[in-house]
Amino acid sequence: MSNEAIIFKQVSKTFPKAGKPSVNETSLNIPQGSFVTILGASGCGKTTLLKMVNRIIEPTAGTISIFGKDIRSMPVTELRQSIGYVIQQVGLFPHLTIEQNIATVPDILGWERKKTAERIDYLMDLVHLPENYKKLYPRQLSGGQQQRVGIARAMAGDPAILLMDEPFGAIDAITRTKLQDDFKQIQRELGKTVLFVTHDVEEAMKLGDRMIVMNEGTIQQYDTPLAIMSNPSNSFVSRLIQADDLFQQLHLIRAEERMIALTDEAVADDIPRVKASESLKSVLQTLLQQNAPYVVVENDKQELIGRLTLQQLKLQNGR
Amino acid sequence: MNAFVGAYEYVLANSDRFWEAVKVHLSISFYALLIAIVICVPLGIVCAKKQWLTGPIMGLFNSLRVIPSLAVLIIILPIMGTGFAPALVALTLLACPPILINTYMGFRGIEPAIIEAASGLGMGERMIMRKIELPLAAPLLLSGIKTSAVEVIASATLAAFIGGGGLGTFIINGLGMYKFSLLLVGALPVALLAILSEIGFSGIERLVTKYQR
Chain A
216 MSNEAIIFKQ VSKTFPKAGK PSVNETSLNI PQGSFVTILG ASGCGKTTLL
266 KMVNRIIEPT AGTISIFGKD IRSMPVTELR QSIGYVIQQV GLFPHLTIEQ
316 NIATVPDILG WERKKTAERI DYLMDLVHLP ENYKKLYPRQ LSGGQQQRVG
366 IARAMAGDPA ILLMDEPFGA IDAITRTKLQ DDFKQIQREL GKTVLFVTHD
416 VEEAMKLGDR MIVMNEGTIQ QYDTPLAIMS NPSNSFVSRL IQADDLFQQL
466 HLIRAEERMI ALTDEAVADD IPRVKASESL KSVLQTLLQQ NAPYVVVEND
516 KQELIGRLTL QQLKLQNGR
Chain B
962 MNAFVGAYEY VLANSDRFWE AVKVHLSISF YALLIAIVIC VPLGIVCAKK
1012 QWLTGPIMGL FNSLRVIPSL AVLIIILPIM GTGFAPALVA LTLLACPPIL
1062 INTYMGFRGI EPAIIEAASG LGMGERMIMR KIELPLAAPL LLSGIKTSAV
1112 EVIASATLAA FIGGGGLGTF IINGLGMYKF SLLLVGALPV ALLAILSEIG
1162 FSGIERLVTK YQR
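Sequence order for the protein chains is A and B. Each residue of the first sequence is one higher than the one before, counting from 216 in my numbering. Each residue of the second sequence is one higher than the one before, counting from 962 in my numbering.
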């Protein structure tokens, strides 16, 4: 119980005038500190599922609890102050400076000035924004920078949970990749529990420790990206994530997971080296490019720890 | 040129009457504007939030806008008689449409995502109104008040037609007596007041919209 951050119990939501439920009798556990992505086409109920956690949308049936506490047991404003919320349109307050935007929740909570100021400095640094941006207004920033402020603002009250609704959806591809990498690192560092809605398969797999695939209001599969990729529960999931795309699968497996331990044999100098954390996709690329019989895997200390031949790259039903 | 000198001499000779007229003119304009703000700002906000109210209320005030000011004053006459009060009512009616419409547009124009973000961060409804919606709607709201202010100050001259007093009295008398200098005693200060109020409100507007520059 204690290590579950969010628990959905038989949660349904039917909007008035809608024929069928947007979210249908869904039960779900989100472990503390995990990064869970929710993937699905538009209208599948993924955003509804997310917005029920901070009661932007009220469920028609079932209960949701965070850290063992029913979310209806506290005032809605208090609940929301304790949960970070980031949306695609960012929604920065245009008449307030960057620092005033970030200070929103600390101000509501009545923090001392000094504590708020320190928190702002810390967060600006965390999301890689230069300190002299503090006095600027949102419209003076690019879209990517604005969303960095959006993330900083959401994290200002140091919430344990972050809800994110396609936060990088409106940002150009290059900036998006950078934002994804930076945010994933922040999440790992701080151990926040993140629920992250996206319709981008690649983004869902890249960011999520675990991934929820939704369709027509029900969860089709909830597992690690690799498990879903190698073992899609039904044809919908398989089609959505293109499970038959071998390169995608290779992309999700790291070299150290498949390597054969190196015995004392000598390694010729012309054998290419790869990092333990590299994906099998890049290993394959190295093998083909260099026309080598195998590659050797080295760890962070540049010690040789294993080797990989084409044989190890062959996926047996993804395993 | 003689007319200007004449006007100046008239003001010197009748400074009591002149300043009394300025006072009445300003107070009738001020109260009309104040009452219009008190009624129309909340009404505009309600219209922006409750879509079903928008049609009837906006329609009503827009149709009021079409009626010429003088006509409004004359229509009030048989209902309320002459004097300060009916003139005030007529001018208030005149001041309402710009304030109402601009308040409505100011609040409708706020991006829904901003409000969603604010409530998602845990702001209550009143806090959102005070800290987000009012400041964001303020530029349009102020420009509505500015339009009304200028309109009311100019139209307050017409109040003299129904015995409301003010600087219009000089204009009417000047016209009636065919004395151009007397006419100027009313007309010049009115023009000056209208310009001053325009400048004053524009200054406030600039302060409020600092973030847009």
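No residue lacks a Cβ here, since even glycine has one placed at the ideal position from N, Cα and C. Quick caveat: nothing in here was measured; it's all calculated off a predicted structure.
8 Å Cβ cutoff, residue i in contact with chain B
{"i": "A/Pro321", "result": "no"}
{"i": "A/Lys228", "result": "no"}
{"i": "A/Asn347", "result": "no"}
{"i": "A/Arg295", "result": "yes"}
{"i": "A/Thr292", "result": "yes"}
{"i": "A/Tyr437", "result": "no"}
{"i": "A/Ile221", "result": "no"}
Cβ-based neighbour list, residue i, same chain, cut-off 7 Å, excluding 5 preceding and 5 following
{"i": "A/Arg522", "result": "Met474, Ile475, Leu477, Tyr509, Val510, Val511 and Val512"}
{"i": "A/Ser249", "result": "Thr408, Asp424 and Arg425"}
{"i": "B/Gly967", "result": "Ser1142"}
{"i": "B/Ala1110", "result": "Leu994, Ser1158 and Phe1162"}
{"i": "A/Ser257", "result": "His414"}
{"i": "A/Val305", "result": "Gln361, Gln362 and Gly365"}
{"i": "A/Ile317", "result": "Ile335, Leu338, Val364, Ala367, Arg368 and Ala371"}
{"i": "B/Ala1009", "result": "Tyr1065, Phe1068 and Arg1069"}
{"i": "B/Lys1140", "result": "none"}
{"i": "A/Gly533", "result": "With a pLDDT of only 48 at A/Gly533, under 50, the local geometry of the prediction cannot be trusted, and no value is derived from it."}
{"i": "B/Leu1061", "result": "Cys1001, Leu1004, Gly1005 and Phe1022"}
C-beta atoms of residue i and residue j nearer than 8 Å
{"i": "A/Met379", "j": "A/Lys261", "result": "no"}
{"i": "A/Leu254", "j": "A/Ala419", "result": "yes"}
{"i": "A/Arg295", "j": "A/Asn269", "result": "yes"}
{"i": "A/Leu465", "j": "A/Leu495", "result": "yes"}
{"i": "A/Lys228", "j": "A/Ser242", "result": "no"}
{"i": "A/Ile366", "j": "A/Phe398", "result": "yes"}
{"i": "B/Leu1052", "j": "B/Ser1116", "result": "yes"}
{"i": "B/Leu1097", "j": "A/His310", "result": "yes"}
{"i": "A/Gly432", "j": "A/Val238", "result": "yes"}
{"i": "A/Ile456", "j": "A/Val416", "result": "yes"}
{"i": "B/Ile989", "j": "B/Leu1049", "result": "yes"}
{"i": "B/Ile1071", "j": "B/Ser1080", "result": "no"}
{"i": "B/Gly1105", "j": "B/Pro1059", "result": "yes"}
{"i": "A/Leu394", "j": "A/Ile386", "result": "yes"}
{"i": "B/Ile1165", "j": "B/Leu1103", "result": "yes"}
Residues that residue i bridges to, as DSSP identifies them
{"i": "A/Ala276", "result": "A/Ser227"}
{"i": "A/Ile245", "result": "A/Ile221"}
{"i": "A/Gln436", "result": "A/Val428"}
{"i": "A/Ser494", "result": "A/Arg469"}
{"i": "A/Ile253", "result": "A/Val412 and A/Ile427"}
{"i": "A/Leu378", "result": "A/Tyr300 and A/Leu410"}
{"i": "A/Ile475", "result": "A/Arg522"}
{"i": "A/Arg488", "result": "A/Val511"}
{"i": "A/Asp336", "result": "Partner(s): none; A/Asp336 has no beta bridge."}
{"i": "A/Lys350", "result": "A/Lys350 is not bridged to any residue."}
{"i": "A/Ile281", "result": "A/Ile221 and A/Lys284"}
{"i": "A/Val238", "result": "A/Lys228"}
Same chain only: Cβ atoms within 6 Å of residue i, ignoring 5 sequence neighbours per side
{"i": "A/Glu471", "result": "Ala491"}
{"i": "A/Ile222", "result": "Asn244 and Ser280"}
{"i": "A/Phe308", "result": "Asn316"}
{"i": "A/Ile302", "result": "Asp380"}
{"i": "A/Lys235", "result": "none"}
{"i": "A/Leu441", "result": "Leu467"}
Cβ of residue i within 8 Å of any chain A Cβ
{"i": "B/Ile1093", "result": "yes"}
{"i": "B/Met1084", "result": "yes"}
{"i": "B/Leu1168", "result": "no"}
{"i": "B/Leu1102", "result": "no"}
{"i": "B/Pro1096", "result": "yes"}
{"i": "B/Tyr1139", "result": "no"}
{"i": "B/Tyr969", "result": "no"}
Sequence-distant residues of the same chain with beta carbon closer than 8 Å to residue i, five excluded per side
{"i": "A/Lys330", "result": "Pro321"}
{"i": "B/Ile1040", "result": "Pro1047"}
{"i": "B/Tyr1172", "result": "none"}
Interface partners of residue i on chain E, CB under 9 Å
{"i": "A/Ile271", "result": "Of the protein chains in this structure, namely A and B, none is chain E."}
* **Residues from the stretch 1061-1079 of chain B in contact with chain A, defined by Cβ distance under 9 Å** => Glu1072, Pro1073, Ala1074, Ile1075, Ile1076, Glu1077, Ala1078 and Ala1079
* Asked: Looking at chain A, which residues of the stretch 1006-1025 of chain B have a Cβ within less than 8 Å of any of its Cβ atoms?
  -> none
* Using a beta-carbon distance cut-off of less than 9 Å, what residues from the stretch 299-311 of chain A approach chain B? -> Gly299, Tyr300, Val301, Ile302, Gln303, Gln304, Val305, Gly306, Leu307, Phe308, Pro309, His310 and Leu311
* Name, going along the chain, the residues of the stretch 337-365 of chain A whose beta-carbon falls closer than 9 Å to a beta-carbon of chain B. => Tyr352, Pro353, Arg354 and Gly365
* Would you list, in chain order, the members of the stretch 1145-1172 of chain B that have their beta-carbon closer than 7 Å to a beta-carbon of chain A? => Tyr1172
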